[in-house]
Each structure stands twice: as C-alpha cells, then as structure tokens.
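Enquirer:
Residue numbers (the working numbering), protein chains in the order written: chain F, 274 to 661; chain H, 274 to 661.
1. Can you round the beta-carbon distance between residue 315(F) and residue 510(F) to whole angstroms, since I take them to be within the 8 Å contact cut?
2. Name the chain H residues that come within less than 7 Å of residue 330(F), Cβ to Cβ?
3. For the beta strand (DSSP E) that contains residue 438(F), what are its first and last residues?
4. Is it the case that the region 337-350 of chain H contacts the region 452-463 of chain H, given that we only count it when at least three CB pairs across the two stretches are under 8 Å?
5. Under 8 Å between the Cβ atoms of residue 603(H) and residue 592(H)?
6. Answer yes or no: do residue 515(H) and residue 504(H) have a C-beta to C-beta separation smaller than 8 Å?
7. Under 8 Å between beta-carbons, which chain F residues line up against residue 552(H)? List them in chain order, please.
8. Pick from 548(H), 581(H), 385(H): whose alpha carbon is nearest that of residue 287(F)?
9. In the structure shown, what three-state DSSP assignment does residue 527(H) receive?
10. Determine the chain H residues that contact residue 542(F) at a beta-carbon separation under 8 Å, and present them in chain order.
11. Is the number of C-beta pairs between the region 398-406 of chain F and the region 369-383 of chain F that are closer than 8 Å three or more?
12. Applying the 10 Å Cβ sphere with the 16-neighbour rule, what's the burial state of residue 506(F)?
13. Counting only C-beta atoms, is residue 480(H) closer than 8 Å to chain F at any point?
14. Which of the three DSSP states, helix, strand or coil, is assigned to residue 340(H)?
15. Cβ closer than 7 Å: which chain F residues qualify as neighbours of residue 354(H)?
16. So within the region 295-345 of chain F, which uninterrupted beta strand (DSSP E) runs reach at least 3 residues, ignoring any that extend past its ends?
17. Using a Cβ cut-off of 7 Å, pull out every chain F residue sitting near residue 341(H), in sequence order please.
18. If you run the structure through DSSP and keep just helix, strand and coil, what is residue 540(H)?
19. Given a cut-off of 8 Å on the beta-carbon distance, is the pair residue 394(F) and residue 375(F) in contact?
20. Would you check if the distance between the CB atom of residue 657(H) and the CB atom of residue 576(H) is smaller than 8 Å?
21. Since residue 517(F) sits in a beta bridge, which residues does DSSP pair it with?
22. Let me make sure I understand the geometry here. Which of 373(F), 354(F), 392(F), 438(F) has the alpha-carbon closest to that of residue 356(H)?
23. Based on Cα-Cα distance, which residue from 513(H), 444(H), 371(H), 433(H) lies nearest to residue 319(H)?
24. Relative to the alpha-carbon of residue 434(H), which residue among 456(H), 421(H), 398(H), 478(H) has its alpha-carbon at the smallest distance?
25. Is the shortest distance between the beta-carbon of residue 457(H) and the beta-carbons of chain F less than 8 Å?
26. Please report how far the alpha carbon of residue 241(F) lies from the alpha carbon of residue 463(F), in whole angstroms.
27. Comparing the C-beta of residue 274(F) with each C-beta of chain H, is any distance below 8 Å?
28. Which of the residues in the region 306-322 of chain H, read from start to end, lie with their CB under 7 Å from any CB of chain F?
29. With DSSP as the reference, identify every bridge partner of residue 450(H), one or two as the case may be.
30. Note down, in chain order, every chain H residue with its Cβ under 8 Å from the Cβ of residue 558(F).
31. Determine, using beta carbons only, whether residue 247(H) comes closer than 8 Å to chain F.
32. Could you tell me whether any Cβ in chain H is nearer than 8 Å to the Cβ of residue 475(F)?
33. If distances are taken between C-alpha atoms only, which option among 606(H), 431(H), 625(H) comes closest to residue 652(H)?
34. Hey, how far is the Cα of residue 565(F) from the Cα of residue 522(F)?
35. So which of 327(H), 446(H), 572(H) has the shortest CA-CA distance to residue 597(H)?
36. Check whether the Cβ of residue 379(H) lies closer than 8 Å to any Cβ atom in chain F.
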C-alpha cells in the first residue's frame, strides 16, 4: 500500500484537520467513494464522528432539534428559550427523551448511557436521565416451534412501547425518538422478527417520534447485507442510522428533513479523522471486488447449520442457536460454562466472545469463508465432546 | 517523513485496533514517549480518548465512580444498586452533579453540554441536567487599576461556589466534582487570577469534590507553559486534567486514587487512535528541540505589548487586552465591529477568530515568533487607522 499513496493521502495521514471548518480540499469527493457509496436507501445525508458513542449522542441531538422545530412550526426561537437553555432549564432545554430497550447497548457517554441497559457495570455510579425503557422481545427457540408464543411476545413489547410514549407524555416528558439495535449485541445477541421492526417503525411514525437504528455493531456486511436493517424491507426508511467500528469512522446517515437548520449545531473540532475514510474506501472496494457481503451470507449459513447440528448433539451445552450472516450466537447453561468454553477454545487458537449473561457470539471478519466455519466446527465439536 | 517510518508505524497508520483490549505491542512504550512525557506534576495516570467531549464525559464518570467508592467505604455494591442502575434510577445511578461556570465550554455531548454555558446555539433544544452553575469572575482591565474590585469579584464567585455546593446537597444532589477551564475560551477568553484558582482548588478539597481542569483548548504550550494550570503553582495538583486538540488525541491525566477499581469501567472500542500518539511524539520532540514553550512565552509578550499599544491608540476599538503566552485576546465595542475587523483582516491574509460576544482571540501555532507578532501588529495597526 505504501507505494501507491498519493501526496494527498500522505497529508491526510499526518495532519489532523478541524474537519467541520477546514476539511481537506476533496473531502466531499472522498465521502462519495467511501461512506456515501454505502448509504442506506433514503438516507442521503451523512455526518462523520470520532466514535460510536459520539455518533449516538449527536444523532439524539439531531432528533431533538428536529422535534423542537416541528413543534415550533413557523414561530421563531423565543428570548425565554435562549436564556433558559444557558442554565439547563426548559423551555430552552426541553424535557425530551429517547425511548430505548432493556438489554440495548448504545454507548457509554451520558446521553448514550441513559439508553444503554445491557450490564450493570456500564451504568453503576453514573447519574442518568428518566427516559422510558421498553422490554425487548425474548424469543423462544427453535423459532418454528414457537411461532405463536413469539408473536405474542413481540406484540406485548410493542404495546409497552406505545404505553410508555403515552405515559411519558402525560408527565410532560416527550418521547422525541426511539433507538434500537437490529440485533441487541452486548445485551446477548437478542433477535426480533423483521415484522417486529416494521411495526415498531410504524409506531414511531404514528406518534411523531424519530426512528433511530443503531448499526454500530451490526453494520458493515457481517449480517449478509451491508446494513442489518435492510433485512426488514421497510417501506419508509429509518430516520437516522448510526455506525462506527467496522466502518473505521463513527457517524450517521439521516433523511434530508433531519438536516440541522443552522451550521455548527451538530459539530465538534475533529468530527472523526479523514484518514479513516481513506481506509474505509479501500475496505469497501475489497468488499465489492470479492463479493464479501454474499460471502458473509453464505459462510454464515454454513456456520449456523453446523451450530444447529452441535445443538442437536449437545443440548445440555448449547441452546438458542441464532444468527444472521456470520453474526451468530448461542446460549450456554450459565456464565461459568460459557467462560470455560471460551478459555478452552482460546487455548486451541479460536477467539470467541461472550455477550449477555451466558451467550457466546461470533464476529468473524468478512473474509471468513465456509471452510473457516468447518474448521471451527471441527475444533468446537471436539471441545464439546470432551467437555466435563 | 515517509522515508523514516518503521514497519510498526506503518501498521499503526493502516490499522485501527480496539485499543483497550488489543493495543499494539509496544503501545505503553509509545505512551511514555508521547503523553506521559508531558504529564502534569502529580498525575501519573493517563487514558486516551477520541475527542475532547469524550475526554470530559469519561472524566466525569471517573469522578462519579471515585466519589461513590469514597461514600461506599468498605461496603460492597448492593443488589439494589445493581438493579436500579439498569433502569437509570438511584441508588445505582446516584443524583451526583458536576459544578461548572457560566461562560464555560466543555463539549457538546450530553454530560459535557450540561456543563457548557458559552453560547445558546450550543444548548438550544437539547434536554439537560439540573447541575449547579457558578458565576465566573468578570475582571476589569487594566488589572493594575482594579486590584480591589477584581479581588472582590473573585471572592463573590468563590462564595457562590460554596453556596451552590451546600444548596445542592440540601436538595440531595451531591456535587462530586468541579470543572473549570484555566482560561474560558469559547466563552470569551475570560481570565481569573492564579489566586482564584488556588482558592477554588482549596474549596474543592474542603467539600470533598474532585477538581477537574479542562485543558482541551489551553493545553499544549501556547500559554507559555505546557499546561496553563501550571501557572497557578498549586500545592495539591488538580485531580483530573483533560486534553484534546493540539495534543492530537483526546484523553485525560489523573491521580492514582482516581484509577477505576475494575477494568472496563472507563472504556470504549477505540479509545482514540494510536497513530495520533506517534504524531504527538514527533510534535513533543520538536517542541523540546526548538524550545517552543519559551518561544510562546516570549512571542506572546511581544504580541501583548503591541496590543496594549494599539489599545492606547484606539481605545474606541480595542479594550480589555489580555493574554498568557500567545493565548491573547481583546474586546471590540460590539459583535458587528468584531466581525467586520475579522473580515478585513482575513482579506489582508490574517486569520483571526472570534469568541464570546465581542472578543477577538489569537491562537497562533507554537512556531509563531516575535517577528510574526510585529508583522501582524503592523497590518492590524493599518486596519485600525483606516477603520470606519
């Protein structure tokens, strides 16, 4: 790679511009080659950010500004708003909220943390906000054996979302947006049906709330589509989609109508780092050239099929096998067994991750192929056979 | 530079590690060459972060954890704490607060924004927290003509700080920390005396609050010391010092006793970017080799002396000339005049910045020397002579 860098690229790697004020000359062109070339349908606007937490924090701000401007209509900002916001008080700092889901993870800064409910250690000792928290469906597996139960469970959660919106409005706290992960990752790789997400999107629209999909962990192709929410087949796209991690840079896509009504309302000094967009452009080129999204779908099927087979053979060790693309996981009987399995696997050269309280999750790279799946399944099958 | 990069460096520029889990092999060595080589006295611990806002957000978290652990003593975390924190409620999410100052700027994410009070546009429409806000001294210039008035003004502000801590405790909201900039930058380049900051540090200690100095804008040498708070001559160091901007990476230094009591309590995926530490190591090498801190002190004196001369000649256009090192500024009669002066200067090739509602601020690079000051002063003198 070093031999092919252009002068502009070298400058990008050794300088750190204040991106919002003084972007490199052809930065917008570079965005077309990188982030904008994979923008989710219906979301033509993009902002870059330095990390996943900042992406969600600023997406919340975008949503609150959009909501307030809707309420304001053609009225101007009042003197009272301008003065009260300086001392953290309404009406300038309105009593708005983001609705989130139990088990969700959206980051660790203060705004994000108020929507994160995956592990106590993330939240302990940190003051928070009284924002509504809805239950996330707890599906029973195998899905085909629990169709009716799972439908009821999802309906229960959706009903609770609507109840919370109404209940919070009654106490003058307005739910301006709903944030959700396509697959709850830190919280235990919890899935819901495409139908659940479509209905949730409808509820958001019905109540005038923005619909924010957090693809920080699911985005980038591993689920078999570039964005996991593309599986849902939404008629009306999400309003905002946040990303980070595999995208090399943080940031978010959004609909035109969410564009801030004045400059510097969504801003910080660096807004990420343009050198990461260069890396991302290369990554996207390779993804396309090697057809890696379809590869993830294919290899994921091999992995999932193998895991289902292991589940049938070792039901006392493996349950609730689930996944989309290579974004697979299963449950173990308890925390201790889970951690022991992870350690044994590591000693055999396989790095596995834990999530939730007793799940093991797979997050292989996009070049993970069927034969890697079989390699893993052979090793893991031995581990399970000898597990005491 | 490209010719001298080592293999490790190239790898650092083209990879993006999850720094907290899988740091590059000799990352801790590299920290010694970069951040730790300029650690403020008494603060041997460092965390890197991706931006200034994340640095302050995580510094607040560090302070809240430290405070809660102090309260907890030898008691264990209770089941009630672990459960209540998951739904954003006390006692798990305690009603703690950071005390900040009117006119301060500490970033734009939710926690930071609750301590930012510089411009309404930063805060409008964003829900906030009820945290105490103290007045920052409004000094009269020239300082030597208003010694008594300024002492009284600073005493008034310090008294208000103590009153707020007591008042908030009465309503069960505990001030766990105080955050302050050595020079309020966005808020208008507002200075206070070294004595003010020493007394504020004493108040923090007296009430058991952590003392957090935000050097995001002042750090890196421009004030004539590497850290602006080194001018104060504190007996007991600050507890936490945050940085970003000129340091190429965000992060914070802290005292040993503020070290989190468990891993992953202060954490995110990237924790900044190790390639920026490489750049910082080079920057620090140049600063030392070229004696750029003393240069900033010296060139700053030339700039300030020249500005005082212009103030004497054009008192209807320039007032309240102030500065430390090259971190200088002055007031203009109003917003319109300020913006007009900035535009005329830009058209003559001089980039000036505005801050507060009518100030012009200088933020030259560290290689700005006396002759640059004279070059500027000549141009600006002409501008003022011809200003209509």
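Every residue, glycine too, gets a C-beta built ideally from N, C-alpha and C.
Expert: Reading from the atomic positions:
1. 3 Å
2. 382, 383
3. Careful: residue 438(F) lies outside any beta strand (DSSP E), inside the alpha helix (DSSP H) at 420-443.
4. no
5. yes
6. Not in contact: residue 515(H) and residue 504(H) (Cβ atoms no closer than 8 Å).
7. 287, 289
8. Closest by C-alpha distance to residue 287(F), out of 548(H), 581(H), 385(H), is 548(H).
9. strand
10. 324, 325, 517, 518
11. yes
12. exposed
13. no
14. helix
15. The answer, in chain order, is 397.
16. 318-322
17. The answer, in chain order, is 398.
18. Three-state result, residue 540(H): coil.
19. Result no, Cβ atoms of residue 394(F) and residue 375(F) do not sit closer than 8 Å.
20. no
21. DSSP lists no partner for residue 517(F).
22. 392(F)
23. 513(H)
24. Check the Cα spacing between residue 434(H) and each of 456(H), 421(H), 398(H), 478(H): the tightest is with 478(H).
25. no
26. The shown model of chain F, from 274 to 661, leaves out residue 241(F), and the question about it has no answer.
27. Here residue 274(F) scores only 43 on pLDDT, less than 50, and its place in the model should not be relied on; the value that follows carries that caveat. So yes, residue 274(F) belongs to the interface.
28. none
29. 371(H), 483(H)
30. By Cβ distance, chain H contributes nothing, its closest Cβ being about 14 Å from residue 558(F), past 8 Å.
31. Any question about residue 247(H) goes unanswered here, given that chain H covers just 274 to 661.
32. no
33. Of the candidates 606(H), 431(H), 625(H), the one whose C-alpha sits nearest the C-alpha of residue 652(H) is 625(H).
34. 20 Å
35. 572(H)
36. no
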